[in-house]
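To keep things clear, I will list the structure first and then write my remarks on it.
Residue numbers (our numbering): 4 to 120.
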(Lines of atoms letter the chains of each structure in order from A and count residues from 1; the text may use other names and numbers.)
(Lines give C-alpha, C1' and ligand atoms only; values in the text may rest on other atoms or scores of the structure.)
Protein backbone atom coordinates (compact mmCIF):
# COMPACT_ATOMS: atom_id res chain seq x y z
CA UNK A 1 0.00 0.00 0.00
CA UNK A 2 1.26 3.50 -0.86
CA UNK A 3 2.07 6.02 1.84
CA UNK A 4 1.04 9.68 1.51
CA UNK A 5 2.38 12.37 3.84
CA UNK A 6 1.00 15.92 3.88
CA UNK A 7 2.83 18.56 5.91
CA UNK A 8 1.26 21.78 7.20
CA UNK A 9 4.21 24.11 6.57
CA UNK A 10 2.92 27.02 8.62
CA UNK A 11 2.31 24.80 11.64
CA UNK A 12 5.83 23.34 11.52
CA UNK A 13 7.47 26.73 10.91
CA UNK A 14 5.50 28.33 13.74
CA UNK A 15 6.31 25.56 16.21
CA UNK A 16 9.99 25.58 15.25
CA UNK A 17 10.24 29.36 15.43
CA UNK A 18 8.83 29.49 18.95
CA UNK A 19 10.85 26.48 20.14
CA UNK A 20 13.90 28.76 20.03
CA UNK A 21 12.18 31.99 21.11
CA UNK A 22 14.44 32.52 24.15
CA UNK A 23 17.62 31.87 22.21
CA UNK A 24 16.85 32.25 18.49
CA UNK A 25 19.16 30.88 15.84
CA UNK A 26 20.56 33.59 13.58
CA UNK A 27 22.72 33.53 10.48
CA UNK A 28 25.72 35.81 9.87
CA UNK A 29 23.40 38.59 8.65
CA UNK A 30 21.34 38.44 11.84
CA UNK A 31 18.31 36.77 10.24
CA UNK A 32 16.31 34.54 12.57
CA UNK A 33 16.63 31.04 11.12
CA UNK A 34 14.94 29.11 13.94
CA UNK A 35 11.81 28.32 11.95
CA UNK A 36 13.75 27.25 8.88
CA UNK A 37 16.12 25.09 10.95
CA UNK A 38 13.28 23.25 12.67
CA UNK A 39 11.28 22.99 9.45
CA UNK A 40 14.24 21.46 7.59
CA UNK A 41 14.91 18.96 10.37
CA UNK A 42 11.25 17.97 10.59
CA UNK A 43 10.85 17.49 6.84
CA UNK A 44 14.14 15.59 6.60
CA UNK A 45 13.01 13.29 9.41
CA UNK A 46 9.62 12.71 7.77
CA UNK A 47 11.23 11.82 4.45
CA UNK A 48 13.92 9.62 6.01
CA UNK A 49 11.84 7.77 8.58
CA UNK A 50 8.42 7.52 6.95
CA UNK A 51 9.75 7.02 3.41
CA UNK A 52 6.51 8.21 1.81
CA UNK A 53 5.60 7.22 -1.73
CA UNK A 54 3.97 10.61 -2.09
CA UNK A 55 4.66 13.76 -0.10
CA UNK A 56 3.45 17.33 -0.32
CA UNK A 57 4.01 20.40 1.80
CA UNK A 58 1.03 22.72 2.06
CA UNK A 59 1.46 26.43 2.79
CA UNK A 60 -1.12 28.92 4.01
CA UNK A 61 -1.98 31.28 1.17
CA UNK A 62 -1.23 34.92 1.95
CA UNK A 63 -4.18 37.24 2.44
CA UNK A 64 -7.73 36.68 3.57
CA UNK A 65 -9.30 33.25 3.72
CA UNK A 66 -12.83 32.06 3.17
CA UNK A 67 -13.19 31.91 6.97
CA UNK A 68 -12.38 35.63 7.21
CA UNK A 69 -15.13 36.28 4.70
CA UNK A 70 -17.65 34.19 6.67
CA UNK A 71 -16.72 35.54 10.10
CA UNK A 72 -14.92 38.87 10.40
CA UNK A 73 -13.68 38.03 13.91
CA UNK A 74 -11.89 34.87 12.76
CA UNK A 75 -8.51 34.84 14.55
CA UNK A 76 -9.02 38.50 15.49
CA UNK A 77 -7.87 37.88 19.06
CA UNK A 78 -4.66 36.10 18.07
CA UNK A 79 -1.37 37.97 18.13
CA UNK A 80 0.10 38.93 14.77
CA UNK A 81 2.54 36.47 13.26
CA UNK A 82 6.07 37.81 13.84
CA UNK A 83 7.67 39.40 10.77
CA UNK A 84 10.77 37.25 11.28
CA UNK A 85 8.61 34.15 10.89
CA UNK A 86 6.86 35.49 7.78
CA UNK A 87 10.26 36.21 6.20
CA UNK A 88 11.24 32.56 6.58
CA UNK A 89 8.43 31.26 4.34
CA UNK A 90 10.23 31.81 0.98
CA UNK A 91 13.28 29.97 2.34
CA UNK A 92 11.12 27.07 3.45
CA UNK A 93 9.53 26.92 -0.01
CA UNK A 94 12.96 26.94 -1.66
CA UNK A 95 14.06 24.08 0.58
CA UNK A 96 10.96 22.02 -0.27
CA UNK A 97 11.51 22.61 -3.99
CA UNK A 98 15.21 21.71 -3.72
CA UNK A 99 14.25 18.39 -2.15
CA UNK A 100 11.80 17.71 -4.98
CA UNK A 101 8.71 17.73 -2.78
CA UNK A 102 5.44 19.04 -4.19
CA UNK A 103 4.11 22.34 -2.81
CA UNK A 104 0.44 23.26 -2.55
CA UNK A 105 -0.88 26.73 -1.77
CA UNK A 106 -4.49 27.54 -2.59
CA UNK A 107 -5.63 31.19 -2.50
CA UNK A 108 -8.26 31.80 0.17
CA UNK A 109 -7.36 28.70 2.20
CA UNK A 110 -5.10 27.79 5.09
CA UNK A 111 -2.94 24.67 4.86
CA UNK A 112 -5.02 22.67 7.33
CA UNK A 113 -8.15 23.34 5.24
CA UNK A 114 -6.39 22.08 2.11
CA UNK A 115 -5.06 19.01 3.91
CA UNK A 116 -8.46 18.20 5.39
CA UNK A 117 -10.31 18.22 2.07
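Ideal Cβ positions, reconstructed from N, Cα and C, are used throughout, including at glycine.
The structure presented is a predicted model; accordingly, all values stated were derived computationally and were not measured.
Straight through space, the alpha carbons of residue 17 and residue 24 are spaced by roughly 11 Å.
The way I'd put it, the stretch 44–58 doesn't touch the stretch 83–94; fewer than three beta-carbon pairs between them come closer than 8 Å.
Per DSSP, the unbroken alpha helix (DSSP H) holding residue 94 starts and ends at 92–101. Distance from the CA atom of residue 49 to the CA atom of residue 15, rounded to whole angstroms, is 12 Å. When the beta-carbon positions are compared, residue 111 and residue 69 come within less than 8 Å of each other. For residue 40, the uninterrupted alpha helix (DSSP H) run begins and ends at 37–48, by DSSP. The Cβ-Cβ distance between residue 12 and residue 60 falls below 8 Å.
DSSP places residue 32 outside both helix and strand once states are collapsed to three, so it counts as coil. In the three-state scheme derived from DSSP, where H, G and I count as helix and E and B as strand, residue 24 is classed as coil. Judged by beta-carbon spacing, residue 56 lies within the 8 Å limit of residue 7, meaning their Cβ atoms are closer than that value.
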